[in-house]
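**Q** In our numbering, each residue's number is its place in the sequence shown (first place is 1) plus 93.
The beta carbon of each residue, even a glycine, is placed where N, CA and C say it ideally should be.
Let me give you the structure first, and then I'll get to my questions.
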Amino acid sequence: MTQATYVVIGNPIAHSKSPLIHAAFAAQFAGHPAVAGFLYDKLLAPMDGFVACVAQFAAAGGRGANVTVPFKEEAFRLTETLSERAQAAGAVNTLQLQSDGSWLGDNTDGAGLVADVLRHIDIQGKRILLLGAGGAARGVILPLLAQEPASLTLANRTFGKAQALIAHFQPNTPIPLQACEFAAVAGQFDLIINATSASLGGERLPIADSVFAPVALAYDMMYGKAETPFLAQAREAGVTQRVDGLGMLVGQAAEAFHLWTGLRPDVAPVLDWMRAQL
Ligand code: NDP
């Protein structure tokens, strides 16, 4: 078991960039009492051993953890106290040990996305097209709605999943929400967010070029050294502001760091540094 006080737990985990990001955040506050003893490591949990791994980590002095694939839903079920955004997401990506020894479960993915989008455009009053209805899409809906967009349209390959998410969120918001199929996406949007994993397989989405035309920002949650297929599609359709998901990754980490330490790190230099490492 690691001696670290904070970890990212997943399987696989070797590829995770979270230790680099959190070390860079902690370095910004060197000497501050809130980061005294802050040591962040990777923790590989067996596929059938997430709960035991978390218990061992706590017994060894662990104070907080990030949770990644494939354990976010299991962490949601394990946690007794959930933040509102974790409840809405149906998944937990951040755990914080409470004084009574129980875990608080939070989800910082949506806040990370929103903070990154806000570096480029305002969301208030904007028409959003969100592509995808998996875990990442579900996790960002509540934080996006909190920014008071004019509308949110959700399109997904499996239409029923988009419909189910809209039915889940619409009763609690006056903002008009709509589910639709990719081929049926029409109308004008200011912000398009790709929360599908289509880019991972090098695939483009069957969205008409005309849908991209008036868009102020195209955002792909996937990131990498090369331009993603979705952002190439947006560029060819004439969208000038195109952003990948590296800032979301650093942003969700910044939110977790804040939860654990009460400190708000400066994201921009860490994002630039991470970009240079890709
Ligand atoms: P899920 O597996 O939960 O959902 C995948 C989604 O992608 C579903 O809506 C699925 O549609 C859709 N999809 C998959 N393949 C295709 C395809 N070929 N064409 C069209 N739609 C497709 O994944 P997540 O929601 O967890 O993750 C989605 C993406 O977001 C990933 O690329 C992930 O890396 C990224 N991500 C980035 C983060 C960051 O910090 N930057 C954080 C979290 C996620 P269907 O329902 O029809 O199967």
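Mark residue 295 as exposed unless 16 or more other C-beta atoms lie within 10 angstroms of its C-beta, in which case mark it buried.
**A** exposed
**Q** Taking any heavy atom of the ligand NDP as the mark, which residues have a C-beta closer than 7 Å to it, listed down the chain?
**A** Listed along the chain, these residues meet the criterion: 202, 205, 225, 226, 227, 228, 229, 230, 249, 250, 251, 254, 288, 289, 290, 291, 292, 293, 294, 296, 298, 314, 315, 316, 338, 339, 341, 342 and 345.
**Q** Note down the Cα distance separating residue 237 from residue 172, rounded to an integer number of angstroms.
**A** Those two C-alpha atoms are separated by around 24 Å.
**Q** Please say whether residue 220 and residue 302 have beta carbons closer to each other than 8 Å?
**A** no
**Q** Grab the span of the alpha helix (DSSP H) containing residue 232 for me, first residue to last.
**A** 228 to 238
**Q** For residue 202, report the span of its alpha helix (DSSP H) as first-last.
**A** Element bounds for residue 202: 202 to 211.
**Q** In whole angstroms, what is the alpha-carbon distance linking residue 267 and residue 289?
**A** If you take the alpha carbons of residue 267 and residue 289, they lie about 26 Å apart.
**Q** Below 6 Å CB to CB, which residues in the same chain sit around residue 364 once its five sequence neighbours on both sides are set aside?
**A** 340 and 343
**Q** Following the continuous beta strand (DSSP E) through residue 168, name the residue where it begins and the one where it ends.
**A** Careful: residue 168 lies outside any beta strand (DSSP E), inside the alpha helix (DSSP H) at 165 to 171.
**Q** Tell whether a beta-carbon distance below 8 Å holds between residue 350 and residue 115.
**A** At a Cβ-Cβ threshold of 8 Å, residue 350 and residue 115 count as neighbours.
**Q** Residues in the same chain with beta-carbon distance under 6 Å from residue 214, minus the five sequence neighbours each way, listed in chain order, please.
**A** Hits under 6 Å: 309 and 310.
**Q** Less than 8 Å between the C-beta atoms of residue 225 and residue 249, yes or no?
**A** yes
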